[in-house]
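Take a look at the structure set out below.
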Amino acid sequence: MAARDARSWAVRLRDVHRVYSRSGAPVPALRGIDVDVAEGEFTAIMGPSGSGKSTLLHILGLVDTDYEGSYEFCGRRVSGFSSDELAPVRNREIGFVFQAFHLLPQLSILDNAALPALYARDRTREDCFDTARARLEEMGLGDRLEHKPTELSIGQRQRAAIARSLVNRPRVLLADEPTGALDSKTAQEIMDILGELHLRGSTLILITHDREVAESAERVIHVRDGQIHDGVA
Ligand SMILES: Nc1ncnc2c1ncn2[C@@H]1O[C@H](COP(=O)(O)OP(=O)(O)OP(=O)(O)O)[C@@H](O)[C@H]1O
Ligand SMILES: [Mg+2]
């Protein structure tokens, strides 16, 4: 444990509760969650459908702020932040990858990948596009820059979405079933890319239903009924 204590933490959740309400009735989705992920760690989250995995990821990604409990992101207690304080952290320090890609269909993948950089408003337009182009080239999409998402294969779409998630050089990359819509060969390609990012130092937190995908992670967090069950499949 001494080595772990010496590392800095990317995320630390303490006693996090999230209750949705449906037609006025409370739906408890997370019930007292503690999570520690060190910087540079690759963690998988597994659990049955409806157990609270996406809810947890939305809180980690600062998208959902409607929770009880404390959240420290890279040393800052973000659970006390206003929405104005959260926006730059979410935009510049967190990257998202989704099962269904969430690329804007009317835009080229170059425009899609540049968007988070343009939103951050801390670089010139030219620099945003140069970085987007570089990330897409790294994903093997240098000859597809002007293609719209529907003009690409499914695996290429996910690679474009990964390029977009990296455009602001996030400290933490969050992925909600990134291989869930892919065949096994394409899923392996995407896992190789994510594994490579981890080797280069990215902190990776990934939800998956796939045991093989989870095996590439350093650690698996099991969620059941809104609670963590470590070491239980
Ligand atoms: N917006 C919402 N309003 C009300 N209840 C919700 C809402 N979103 C999720 N829930 C409920 O919260 C619980 C956790 O949902 P969540 O989406 O986090 O599950 P999950 O583990 O990601 O499931 P899956 O593997 O199917 O994606 C479920 O019981 C779900 O029905
Ligand atoms: Mg989910």
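Residue numbers (our numbering): 1371 to 1603.
Cβ coordinates follow ideal geometry from the N, Cα and C atoms, glycine included.
Go through its chain and collect everything with a Cβ distance to residue i's Cβ below 6 Å, but skip five positions before and after it.
{"i": "Ala1551", "result": "Gln1469"}
{"i": "Asp1454", "result": "none"}
{"i": "Ile1429", "result": "Tyr1437"}
{"i": "Lys1423", "result": "Ile1415, Gly1417, Ile1577, Val1593"}
{"i": "Met1371", "result": "Because the pLDDT at Met1371 is just 47, under 50, the model does not fix this residue reliably, and the value given afterwards should be weighed accordingly. Hits under 6 Å: none found."}
{"i": "Glu1442", "result": "Arg1382"}
{"i": "Ser1572", "result": "Leu1543"}
{"i": "Glu1519", "result": "Sequence check: residue 1519 is Pro here, not Glu. Correct list, in chain order: Leu1473, Pro1475, Arg1527."}
How many Å lie between residue i and residue j at the Cα?
{"i": "Val1602", "j": "Ile1575", "result": "Residue placement at Val1602 is poorly supported in this model, since its pLDDT is 47, which falls under 50; the coordinates still yield a value, given next. Whole-angstrom Cα-Cα distance: 18 Å."}
{"i": "Ile1464", "j": "Pro1540", "result": "5 Å"}
{"i": "Ile1532", "j": "His1387", "result": "30 Å"}
{"i": "His1568", "j": "Tyr1390", "result": "33 Å"}
{"i": "Gln1597", "j": "Val1537", "result": "33 Å"}
{"i": "Asp1500", "j": "Glu1516", "result": "14 Å"}
{"i": "Glu1649", "j": "Ile1591", "result": "No information on residue 1649 is available, as it lies outside the stretch 1371 to 1603 that the chain covers here."}
{"i": "Arg1460", "j": "Leu1432", "result": "6 Å"}
{"i": "Thr1556", "j": "Gly1525", "result": "6 Å"}
{"i": "Leu1488", "j": "Ser1535", "result": "13 Å"}
{"i": "Asn1482", "j": "Arg1493", "result": "16 Å"}
{"i": "Ala1484", "j": "Asp1434", "result": "24 Å"}
{"i": "Ala1545", "j": "Gly1394", "result": "31 Å"}
{"i": "Glu1496", "j": "Ile1479", "result": "16 Å"}
{"i": "Ser1452", "j": "Asp1580", "result": "36 Å"}
{"i": "Glu1447", "j": "Pro1458", "result": "Checking the sequence, you will find Arg at residue 1447 rather than Glu. C-alpha separation (whole angstroms): 14 Å."}
{"i": "Ala1587", "j": "Gly1410", "result": "12 Å"}
{"i": "Ile1563", "j": "Arg1570", "result": "11 Å"}
For residue i, name the three-state secondary structure that DSSP assigns.
{"i": "Leu1544", "result": "strand"}
{"i": "Thr1549", "result": "coil"}
{"i": "Arg1495", "result": "helix"}
{"i": "Tyr1437", "result": "coil"}
{"i": "Thr1313", "result": "Shown here, the chain extends from 1371 to 1603; a query on residue 1313 therefore has no answer."}
{"i": "Gln1597", "result": "strand"}
{"i": "Thr1578", "result": "coil"}
{"i": "Gly1565", "result": "helix"}
Short of 7 Å in beta carbon distance, which residues of its chain neighbour residue i, apart from the five on each side in sequence? Order them along the chain.
{"i": "Ala1373", "result": "Reliability fails at Ala1373, whose pLDDT of 49 lies under 50, so the model's placement of it is uncertain and the value that follows must be treated cautiously. Excluding sequence neighbours, Ala1373 sits near nothing in its chain."}
{"i": "Gln1528", "result": "Phe1471, Pro1548, Leu1552, Ile1560"}
{"i": "Arg1384", "result": "Asp1404, Gly1439, Ser1440"}
{"i": "Val1397", "result": "Val1389, Tyr1390, Ser1391"}
Excluding the five sequence neighbours on either side, which residues of its own chain have a C-beta within less than 8 Å of the C-beta of residue i, listed in chain order?
{"i": "Ser1421", "result": "Val1593, Arg1594, Asp1595, Gly1596"}
At 4 residues or longer, what runs of the alpha helix (DSSP H) sit wholly inside the stretch 1378-1423? none
Considering only heavy atoms of ligand 1, list every residue whose Cβ is less than 5 Å from one of them, following chain order. Tyr1390, Arg1392, Val1397, Ala1399, Ser1419, Gly1420, Ser1421, Gly1422, Lys1423, Ser1424, Thr1425
Suppose only complete runs of 3+ residues qualify. What are the beta strand (DSSP E) ranges in the stretch 1482-1537, listed by chain order? none
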